[in-house]
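Q: Sequential numbering of the sequence shown, starting at 204, is according to the numbering used here. Yeah, the Cβ is synthetic: ideal placement off N, Cα and C, and Gly gets one too.
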Amino acid sequence: MGSKQRFTFIFVLISLTITMLFFQNCSPGGGLYGDNSNDPLLIDPPVIFAAKNSACTQISTAFKTNEVIYICIQKAGVAPIYCHEYSTSTTCVRNTVSTANSWSAMSGGNWVRGFSVATSTGFPVGTFTAYVEHTQDSLAVSNTTFTVTAP
């Protein structure tokens with residue numbers, strides 16, 4: 204084999220190897236997407252916010268103690284983890300979101316729950332932060348902050 208043929212052969216092998224490595228990481232059946240890792244880039248964080256209605260269309264960050272505060276969770280999976288706390292606190296009691304825990308399931312991993320003084324679940328005066336963790340990825344977490352004042 205002449206030097207020109209060897210050079211062409213080596214060039215083709217290197218090009219083929221680089222092409223194979225590139226496609227290995229882009230394949231949906233293997234490579235980057237082939238395992239069930241908790242890579243934060245694979246699952247988008249869920250969405251959480253407070254609203255004044257159960258349809259989650261009147262988003263708000265300011266409430267009165269006599270109002271029902273609807274916590275709305277979107278794109279969080281079938282059993283996300285939820286908690287809320289005073290914004291100055293360091294403890295947050297984590298609960299699984301489910302219909303058994305007074306949450307209403309909506310389509311697509313969306314949930315809503317009304318917190319009301321009338322049902323002893325209302326928020327007292329203060330500023331609160333609510334958190335949600337995606338069902339399938341503990342690194343996919345979102346939060347929202349809202350304030351409750353006296354009527």
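Could you give the DSSP three-state label for G232: helix, strand or coil?
A: As a working note, residue 232 is residue 29 in the sequence shown. Residue placement at G232 cannot be trusted, given a pLDDT of 43 that sits under 50; the coordinates are not used to answer.
Q: Compute the Euclidean distance between the alpha carbons of N313 and E270, then round it to the nearest angstrom.
A: The sequence position of residue 313 within the sequence shown is 110, counting from 1. The sequence position of residue 270 within the sequence shown is 67, counting from 1. The straight-line gap from Cα to Cα measures roughly 22 Å.
Q: List the residues that DSSP assigns as beta-bridge partners of G317.
A: Within the sequence shown, numbered from 1, the residue matching residue 317 stands at position 114. As a beta-bridge residue in DSSP terms, G317 pairs with Y273.
Q: Does the beta-carbon distance from A265 to T350 come in below 8 Å?
A: Residue mapping note: residue 265 aligns to position 62 of the sequence shown, counting from 1. Residue mapping note: residue 350 aligns to position 147 of the sequence shown, counting from 1. Taking 8 Å as the Cβ cut-off, A265 and T350 qualify as a contacting pair.
Q: With DSSP as the reference, label K267 as helix, strand or coil.
A: As a first step, residue 267 is located in the sequence shown; it is residue number 64 there, counting from the start. Strand at K267.
Q: Using DSSP's beta-bridge definition, name the partner residues of H337.
A: Against the sequence shown, residue 337 aligns to sequence position 134. None; H337 has no bridge partner.
Q: On the DSSP letters alone, give me the boundaries of the beta strand (DSSP E) that T348 sits inside.
A: Position 145 of the sequence shown, counted from the start, is the residue given in the question as residue 348. Where T348 is concerned, the enclosing beta strand (DSSP E) stretches over V344 to T352.
Q: Please classify G233: is it buried, with 16 or more other beta-carbons within 10 angstroms of its beta-carbon, or exposed?
A: Locating residue 233 in the sequence shown gives position 30, counting from the first residue. Below a pLDDT of 50, predicted positions are generally treated as unreliable, and G233, at 39, falls in that range; the measurement from the model is reported next regardless. Exposed, because fewer than 16 other Cβ atoms sit within 10 Å of the Cβ of G233.
Q: Whose C-alpha, out of P283, G325 and T294, is nearest the C-alpha of S345?
A: Numbered from its first residue, the sequence shown carries residue 345 at position 142. Answer by Cα proximity: P283.
Q: Less than 8 Å between the C-beta atoms of S290 and T348, yes or no?
A: On the sequence shown, position 87 is the one that residue 290 refers to. On the sequence shown, position 145 is the one that residue 348 refers to. Yes; because the gap between Cβ atoms is below 8 Å, this pair is in contact.
Q: Looking at C-alpha atoms only, which residue of T299, F214, A333 and S301 is the closest neighbour of S292?
A: Start at 1 with the first residue of the sequence shown, and residue 292 comes out as number 89. The shortest Cα separation from S292 among T299, F214, A333 and S301 belongs to A333.
Q: Rounded to the nearest angstrom, what separates N298 and P327 at their Cα positions?
A: Translated into positions along the sequence shown, residue 298 becomes position 95. Translated into positions along the sequence shown, residue 327 becomes position 124. Each residue's alpha carbon lies about 20 Å from the other.
Q: With respect to the beta strand (DSSP E) encompassing A258, which residues constitute its N-terminal and C-terminal limits?
A: As a first step, residue 258 is located in the sequence shown; it is residue number 55 there, counting from the start. Unbroken run through A258: none, as it is neither H nor E.
Q: Do I251 and I276 count as a contact pair if the criterion is CB distance below 8 Å?
A: The count along the sequence shown starts at 1 and reaches residue 276 at position 73. The count along the sequence shown starts at 1 and reaches residue 251 at position 48. Contact check for I276 against I251 passes: the beta carbons are separated by less than 8 Å.
Q: Is DSSP giving T332 helix, strand or coil here?
A: For this step, residue 332 is matched to residue 129 along the sequence shown. Note: T332 maps to strand in three-state DSSP.
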